[in-house]
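Protein chains in written order, with our numbering: chain L, 84 to 225; chain G, 84 to 225; chain S, 84 to 225; chain R, 84 to 225.
First comes the structure, then the notes that go with it.
Number of protein chains: 4
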Amino acid sequence: MELKPYLRHVNYYETDQMAIVHHSNYIRWFEEARLDFMDQIGYNYRKFEKTGLIIPVVDVSCKYLVSAKYDDTLSIRAILTQFTGVRMAFRYEVRFRDTGELAATGTSTHCFLDENRKPVSIKHRDRALYDAMVACVEPESV
Amino acid sequence: MELKPYLRHVNYYETDQMAIVHHSNYIRWFEEARLDFMDQIGYNYRKFEKTGLIIPVVDVSCKYLVSAKYDDTLSIRAILTQFTGVRMAFRYEVRFRDTGELAATGTSTHCFLDENRKPVSIKHRDRALYDAMVACVEPESV
Amino acid sequence: MELKPYLRHVNYYETDQMAIVHHSNYIRWFEEARLDFMDQIGYNYRKFEKTGLIIPVVDVSCKYLVSAKYDDTLSIRAILTQFTGVRMAFRYEVRFRDTGELAATGTSTHCFLDENRKPVSIKHRDRALYDAMVACVEPESV
Amino acid sequence: MELKPYLRHVNYYETDQMAIVHHSNYIRWFEEARLDFMDQIGYNYRKFEKTGLIIPVVDVSCKYLVSAKYDDTLSIRAILTQFTGVRMAFRYEVRFRDTGELAATGTSTHCFLDENRKPVSIKHRDRALYDAMVACVEPESV
């Protein structure tokens with residue numbers, strides 16, 4: 084299954100007085116791209132949370148290469164690099180849509196928690212989601 | 084009871100590429116000052132929400148007079164201008180702490196909703212809060 | 084000229100612990116819709132700022148009718164209600180795309196400032212923009 | 084020189100619908116603590132930018148241990164772990180003020196750029212700042 088990159092227009096309020104995008108916004112864009120990824124494989128996160136589970140962020144990182152600016156359109160790929168059913172990890176590539184130039188890269192790790200906020204394995208809660216996620220894993224090859 | 088104005092240091096990430104604070108942040112500061120107001124009169128909003136009630140925003144407005152900049156310290160007054168037990172209204176004055184110059188003014192209106200998200204009168208749910216709020220009302224005199 | 088409404092998917096990080104969109108985000112969406120409006124009539128704001136002019140916000144307001152939630156798609160109309168060359172005013176209508184239901188309405192007023200941050204009339208600086216804007220005015224009829 | 088940790092009250096708008104602080108805000112708090120650190124050692128960042136230099140972020144990371152919630156007060160330490168005059172690195176510790184419990188840790192790396200956005204060594208531009216920063220370095224010992 085070929086997933087589409089997530090396209091994102093940079094908003095004016097995302098800039099700071101250096102006249103570039105404030106670095107904290109990339110962390111938000113990673114989330115947008117990750118939830119779009121889940122939507123594309125058939126697991127809309129709004130519906131997912133209604134099952135009582137949540138997927139909090141365990142850690143996050145970002146490397147800034149070329150500053151994005153207001154009105155740029157970015158193409159963000161969320162790549163699932165690890166999935167155990169209990170934890171998962173993503174890598175992100177943020178590129179300028181028009182040139183393909185890499186603006187930033189990043190990572191995030193997540194765990195699955197149940198209604199009591201205890202770790203839970205998706206393998207037993209939702210086997211179809213588990214299989215869909217496993218099928219998407221692209222181990223890191225950098 | 085004399086309430087203290089809410090002091091707020093302007094953060095770097097609150098600026099935009101005009102090198103001034105992005106206008107949406109004042110709406111957030113109004114919330115900070117309003118919750119500080121409630122805290123000062125003895126109604127911490129965290130505890131308040133634990134009773135099952137919420138106080139959503141019905142409308143909000145802001146007039147921008149002099150732009151705040153990174154590293155400014157602002158003194159924000161939240162003034163309760165109306166309180167019926169079902170609805171309440173605030174007026175805000177944002178001043179530069181060091182000069183007293185007015186940076187912005189604003190307003191907000193709120194209602195009280197119960198556990199079923201239905202309008203509720205605080206007068207019957209929490210008479211002490213009702214009385215405390217009524218005692219704070221400063222009708223508009225603009 | 085028929086302008087398209089601005090479509091906006093609600094992001095997870097725009098929600099708060101009431102499980103609805105935090106009210107300050109609508110002010111940011113108004114900006115997105117307003118800049119999209121200018122883009123559609125041929126005046127990309129990135130290019131516009133490069134001429135040395137800026138268009139700060141003089142005042143803003145929002146009335147909240149039905150709460151938007153994570154994953155909703157909204158259709159936002161920015162309607163130019165006044166344009167003098169020195170000042171302009173917009174009205175906003177935020178609707179749920181799928182039902183057309185009105186989620187919020189708002190207004191904003193803006194002025195044009197030159198390189199020295201003095202008020203300037205667009206009529207003399209950029210007659211084509213002036214004419215394009217004047218042609219878009221839809222006086223309020225509420 | 085003993086630096087004070089940076090105290091930060093959690094705002095309502097920083098929460099999301101998981102009823103915890105959205106993870107992107109910690110990146111913003113790191114910036115607040117870092118600029119407070121510079122202020123404490125005598126290098127107010129507003130004044131610093133007026134010299135024509137900027138200090139963009141090269142990379143950032145955060146590990147989330149215990150979720151902060153609305154109305155918590157956090158105590159954030161920014162620890163300078165590396166300083167070469169051209170680059171610098173910080174480590175962050177975010178604790179709940181009342182219990183000392185660790186909520187999150189993080190890192191960031193920065194470079195110094197001049198008026199032409201070229202890398203510059205602070206050692207030659209501002210020897211006093213260079214010496215002040217070098218004196219604050221606490222190499223990582225984790």
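By construction, the Cβ of each residue, glycine as well, lies at the ideal position given by its N, Cα and C atoms.
**Request:** Compare the C-beta of P202 (chain S) against all C-beta atoms of chain G and say whether one is closer than 9 Å.
**Result:** no
Segment limits, beta strand (DSSP E) that includes F173 (chain G):
170-179
- Look up Q165 (chain L) in the DSSP assignment and give the residues it is bridged to. L:A172
Practice prompt. Given a cut-off of 9 Å, decide if I137 (chain G) and P88 (chain G) are closer than it, judged by their beta-carbon atoms.
Written response: no
What is the rounded straight-line gap between the Cα of L90 (chain L) and the Cα of E184 (chain L)?
14 Å
### Query
Would you say V141 (chain G) faces chain S, with C-beta separation under 9 Å as the test?
yes
Of the residues S:T156, S:T98, S:T188, S:I205, the one placed nearest F195 (chain S), counting alpha carbons only = S:I205
- Are the CB atoms of E221 (chain L) and T164 (chain L) nearer to each other than 9 Å? yes
What does the alpha-carbon distance come out to for the pair N127 (chain R) and D155 (chain G)? 12 Å
(message) Below 7 Å on C-beta distance, what does I205 (chain S) contact in chain G?
(response) By Cβ distance, chain G contributes nothing, its closest Cβ being about 18 Å from I205 (chain S), past 7 Å.
- Query: Which whole-angstrom value is the C-beta distance of T192 (chain G) and R170 (chain G), which I expect to be below 8 Å?
  - Reply: 6 Å
Discussion item. For G135 (chain G) and R117 (chain G), I'd like the C-alpha separation in whole angstroms.
Written reply: 19 Å
* Quick one: residues in its chain with C-beta nearer than 8 Å to the C-beta of D119 (chain G), no 5 flanking neighbours on either side, listed in chain order? => Y89, A161
- Message: Is it buried or exposed, A151 (chain L), if we count other Cβ atoms within 10 angstroms and call 16 or more buried?
- Response: buried
Please go through the same chain and pick out, in chain order, the residues whose beta-carbon is closer than 7 Å to the beta-carbon of S144 (chain S), but skip the five residues on each side of it. G189, T190
task: Could you tell me the boundaries of the alpha helix (DSSP H) in which D142 (chain L) lies?
output: Unbroken run through D142 (chain L) is the beta strand (DSSP E), 140-147; no alpha helix (DSSP H).
request  = Taking C-beta pairs closer than 8 Å, name the residues in chain B that K146 (chain R) reaches, listed in chain order.
outcome  = Although the question refers to chain B, the structure presented lacks it and instead comprises the protein chains L, G, S and R.
Kindly indicate which residue of R:Y147, R:V140, R:D214 has the alpha-carbon position closest to the one of M101 (chain L).
-> R:V140
Mind pulling the chain G residues with CB within less than 8 Å of R111 (chain R)? N94, Y96
Q.
Rounded to whole angstroms, what is the Cα-Cα separation between A172 (chain G) and N199 (chain L)?
A. 38 Å
* To do: List the DSSP bridge partners of L118 (chain R).
  => DSSP output for L118 (chain R) lists no bridge partner at all.
Subject >> Best match in S:T182, S:D122, S:S107, S:L157 for proximity to L212 (chain S) [C-alpha to C-alpha] >> reply: S:D122
- What residues from chain L crowd round A102 (chain G), counting only those whose CB sits closer than 7 Å? Q100
For chain S, find out if any of its Cβ atoms is closer than 9 Å to the Cβ of Y175 (chain L); answer yes or no. no
Note down the Cα distance separating Y153 (chain R) from E85 (chain S), rounded to an integer number of angstroms.
44 Å
Practice item. Report back the beta-carbon spacing between T98 (chain L) and H105 (chain L) to the nearest angstrom; my notes put them in contact at under 8 Å. Key: 7 Å
Query - Where R208 (chain G) falls: helix, strand or coil (DSSP) - result: helix
* Under a CB-based cut-off of 9 Å, is I162 (chain L) close to chain R? -> no
Between Y109 (chain L) and A187 (chain L), how many whole angstroms is the CB-CB distance? I'm expecting something under 8 Å. 5 Å
Pairwise C-alpha distance: D209 (chain R) and K133 (chain R):
13 Å
Helix, strand or coil at S150 (chain S) according to DSSP, with G and I counted as helix:
coil
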